[in-house]
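Peer 1: Numbering of the sequence shown is given in numbering that gives the first Met the number 0, commencing with residue 0 and proceeding in unit increments. Here it is, the structure in full.
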Amino acid sequence: MRQVQIIGTGSYVPSKVLTNDDLAARMNTSDAWIFERTGIRTRHIAAPEEATSDLALAASLQALRMAKLEAGELEMVLVATVTPDMQTPACAVHLAHKLGAKKAFAFDIGAACAGSLFAMSVASQYIATGAVKNVLVVGAELLSRITNWEDRGSSILFGDGAGAMVLAPAEEPGRGLLALQLYSDGSAADILCIPGGGSRTPLTPESLAAQHHKVSMRGREVYKFAVTALVHAIERIVREHNLSLSEIQHVIAHQANVRILEAILERIGIPFEKAHINISRYGNTSSASVPLTLDEANRAGKLKREDLILVMAIGAGMSWGAGLIRW
Ligand code: UT7
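Written as structure tokens, this is what we have:
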């Protein structure tokens with residue numbers, strides 16, 4: 000089996016910024032409450048004419064440029080998203096068309112905020128077996144369109160954005176994606192979901208009025224689940240790959256809530272300074288979060304050759320995972 004490496008990264012956030020004070024002007028909340036509970040100060044909101052594939056396109060072009068790859072050379076395009084441009088066809092098909100990735104087959108991955116890890120896992124299997132030579136993996140979300148702006152408990156969290164990665168066979172042994180372990184638990188599906196608009200509860204005037212097509216979340220339960228699940232996932236992956244936690248130089252985590260990340264890292268004993276944090280600027284961008292954070296750290300030159308990176312994410316499903324990358 001071939002080893003798989005990330006050879007290019009890119010990211011994009013829309014230009015419009017929504018501050019905590021902007022939110023406080025429209026609902027009963029405050030900058031102090033939001034920052035204290037989540038670490039968020041601002042989030043970016045897409046323009047009305049932008050769709051998820053537009054955000055994905057901007058991030059992908061950057062990643063392709065870094066990878067020195069033409070879109071026409073791509074063999075596979077994956078988009079992790081809960082906010083595709085339309086119900087069908089997949090966002091990845093729209094993206095591949097916009098890129099001119101004529102050789103690539105394209106499909107979406109649905110694992111909510113953990114989607115980019117699930118997509119990375121699928122992509123790496125295709126490359127490892129030799130089925131394809133490269134994959135564009137994108138996490139892209141336009142969460143402002145599915146946010147229930149009447150719910151102060153969840154609407155303060157979300158932002159729009161995209162992150163992209165180009166995956167290809169590793170050129171040197173020992174470098175690249177060392178491991179990726181994924182988990183799902185559908186018994187917790189109701190603590191974070193969009194209940195309407197699917198086959199269970201099709202859209203009706205009543206369900207629209209009840210905001211069933213928007214995110215519904217029991218935040219406290221998600222928080223507790225996330226900490227327990229990710230602590231277990233990290234401890235297992237490190238143990239099974241005969242590594243020690245002290246060898247990890249960087250933590251690239253889904254930016255759901257900075258308090259969740261603090262709690263996880265404190266429990267497993269990784270210094271918080273090793274985590275790359277951008278949630279104060281972008282909020283929770285779901286599947287975009289991990290590749291966006293990876294791209295920022297990469298472009299800032301913070302990731303050195305052979306550094307060990309821990310990646311982790313959790314979201315609706317619940318779906319979650321942890322991975323190890325030798326940069
Ligand atoms: O990618 C995965 C997606 N989701 C998550 O990761 C979410 C995980 N959960 C969280 O981040 C936190 O649970 C939240 C930040 C969403 C909420 O924080 P919390 O400390 O769990 O607050 P809570 O829901 O337990 O509410 C505490 C109080 C309540 O008031 P009472 O009942 O104690 O009087 C809420 O009504 O805070 C109130 N509250 C707010 N107050 C001001 C809830 N939202 C707000 C708000 N501003 N925006």
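Every residue, glycine too, gets a C-beta built ideally from N, C-alpha and C. Quick caveat, the model's predicted, so the values are computed rather than measured.
According to the neighbour-count rule (16 or more other Cβ atoms, all chains shown, within 10 Å of its Cβ), is G314 buried or exposed?
Peer 2: The residue is buried, with at least 16 neighbouring Cβ atoms inside 10 Å.
Peer 1: Would a C-beta distance cut-off of 8 Å place L94 and A122 closer than the cut-off?
Peer 2: Going by C-beta atoms, L94 is not nearer than 8 Å to A122.
Peer 1: Ignoring anything shorter than 4 residues or poking outside the region 44 to 91, list the alpha helix (DSSP H) runs there in chain order.
Peer 2: Whole alpha helix (DSSP H) segments, 4+ residues: 51 to 66.
Peer 1: For V230, write down the residues that DSSP places opposite it in a beta bridge.
Peer 2: Per DSSP, none; premise fails for V230.
Peer 1: With 16 as the cutoff for other CB atoms within 10 Å, does F117 come out buried or exposed?
Peer 2: Label assigned to F117: buried.
Peer 1: For the region 37 to 47 against the region 172 to 190, are there 3 or more C-beta pairs whose distance is under 8 Å?
Peer 2: These segments do not touch.
Peer 1: Could you tell me if T339 is buried or exposed, where buried requires 16 or more neighbouring beta carbons within 10 angstroms of its beta carbon?
Peer 2: With the chain running from 0 to 326 in the structure shown, residue 339 is simply not present.
Peer 1: Between the Cα of N134 and those of K303, S115 and A255, spot the shortest distance and give me the residue it belongs to.
Peer 2: Strictly speaking, residue 134 in this sequence is Val, with Asn absent from that position. Out of K303, S115 and A255, S115 has the C-alpha closest to the C-alpha of V134.
Peer 1: Between the C-alpha atoms of T227 and I263, what's the straight-line distance to the nearest angstrom?
Peer 2: So the two alpha carbons sit approximately 8 Å from each other.
Peer 1: Could you give the DSSP three-state label for L94: helix, strand or coil?
Peer 2: Note: L94 maps to helix in three-state DSSP.
Peer 1: May I have the straight-line CA-CA distance separating S183 from A225, to the nearest angstrom?
Peer 2: Whole-angstrom Cα-Cα distance: 12 Å.
Peer 1: Tell me which residue opens and which closes the beta strand (DSSP E) that L176 is part of.
Peer 2: It spans G175 to S183 - the beta strand (DSSP E) in which L176 sits, taken as one unbroken run.
Peer 1: Look up E140 in the DSSP assignment and give the residues it is bridged to.
Peer 2: The partner list for E140 (beta bridge, DSSP) reads G160.
Peer 1: Bridge partners for V165 per DSSP, in chain order?
Peer 2: BP columns for V165 point to G7 and L135.
Peer 1: Can you give the Cα-Cα distance for E35 and E171, rounded to whole angstroms?
Peer 2: Distance between the alpha carbons of E35 and E171 is about 44 Å.
Peer 1: Q86: buried (16+ other C-beta within 10 angstroms of its C-beta) or exposed?
Peer 2: Label assigned to Q86: exposed.
Peer 1: Run through DSSP, which three-state label would M216 get?
Peer 2: M216 falls in the strand class under three-state DSSP.
Peer 1: Can S115 be considered in contact with the ligand UT7, in the sense that its beta carbon sits closer than 7 Å to one or more heavy atoms?
Peer 2: No, the ligand UT7 has no heavy atom inside 7 Å of this Cβ.
Peer 1: Pair every Cβ in the region 309 to 323 with every Cβ in the region 59 to 76, then say whether three or more of these pairs are closer than 8 Å.
Peer 2: At 8 Å Cβ cutoff, the stretches do not touch.
Peer 1: Tell me where the beta strand (DSSP E) around M311 begins and ends.
Peer 2: L307 to G314 is the extent of the beta strand (DSSP E) around M311.
Peer 1: Spatial neighbours of Y125 within its chain, please: C-beta separation below 7 Å, excluding the five flanking residues on both sides.
Peer 2: Only M75, V131 and V134 meet the Cβ criterion.
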